[in-house]
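A.B. asks: For the sequence shown, the residue numbers in this note's numbering are -11 to 100.
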Amino acid sequence: MRLRSRILLIALSVSLVALAQTPRLQTVEPPNGKPGDELVVSGENLDAQHVAKLFLTIGEQDSEVEVKEQTAEAIRFTIPANTKPGRYNLTVQTTGPSPTLMIQPVFCTVDE
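1. In the structure shown, what three-state DSSP assignment does Ile46 receive?
2. Opposite Glu52 in the DSSP bridges: which residues?
3. Taking the Cβ atom as the reference point for each residue, do Ala69 and Pro23 lie within a distance shorter than 7 Å?
4. Any beta carbon of chain D sitting closer than 7 Å to that of Phe43?
5. I need the DSSP call for Thr59, collapsed to helix, strand or coil.
6. Which term fits Leu102, buried or exposed, when burial requires 16 or more other beta carbons within 10 angstroms of its beta carbon?
7. Please return the same chain residues whose Cβ sits closer than 6 Å to the Cβ of Glu32, not counting the five positions on each side in sequence.
8. Check Ile67 in the structure and name its three-state DSSP category.
9. Nearest-angstrom Cα distance between Val53 and Lys41?
10. Can you pull the DSSP bridge partners for Gly21?
11. Do Arg64 and Glu26 count as a contact pair if the criterion is CB distance below 7 Å?
Set out below in structure tokens:
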């Protein structure tokens, strides 16, 4: 019984560490822009160790953005030139052996 409790505690600890390292977007400033404009998304675990790519997502379509600067708390990016007007989710692709796309509850609006 004691061994089983230790194994469960270790598994829980590993899960919590992994969860704590998950990229999380919180805000984007300014909240809108035109193609070619630079925006800054803020959050947690946004450095290159955790985030491989950033996308604007609308429906089933993802448009990779050009990352200009990346830190643990922020990513400065440019809206791609061919981006159509609309309200886009921001999506991160994680790093590691099993990269995952994570649609975040953060939006920006692309104007004409």
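Backbone N, C-alpha and C define an ideal beta-carbon position, used for all residues, glycine too.
C.D. replies: This is what the structure gives:
1. Mapped onto the sequence shown, residue 46 falls at position 58. Strand.
2. For the purposes of this step, residue 52 is taken as the residue at position 64 of the sequence shown. Paired residue(s): Phe43.
3. Along the sequence shown, read from residue 1 onward, the residue named residue 69 stands at position 81. Along the sequence shown, read from residue 1 onward, the residue named residue 23 stands at position 35. Yes, the pair counts as a contact, with Cβ atoms nearer than the cut-off.
4. Structure shown: chain D not included; a single protein chain is present.
5. For this step, residue 59 is matched to residue 71 along the sequence shown. DSSP places Thr59 in coil when its eight states are reduced to three.
6. It is not possible to answer for residue 102, since the shown part of the chain is limited to -11 through 100.
7. Here residue 32 refers to the residue found at position 44 when the sequence shown is read from its first residue. Counting only Cβ-Cβ distances below 6 Å, and skipping sequence neighbours, we find Arg12.
8. Walking along the sequence shown from the start, residue 67 turns up at place 79. Coil.
9. Counted from its first residue, the sequence shown places residue 53 at position 65. Counted from its first residue, the sequence shown places residue 41 at position 53. Looking at the two C-alpha atoms, the distance is approximately 8 Å.
10. Indexing the sequence shown from 1 puts residue 21 at position 33. DSSP lists Val98 as partners of Gly21.
11. Reading the sequence shown from its first residue, position 38 is the one you call residue 26. Reading the sequence shown from its first residue, position 76 is the one you call residue 64. It is a contact, given that the beta carbons lie within the stated cut-off.
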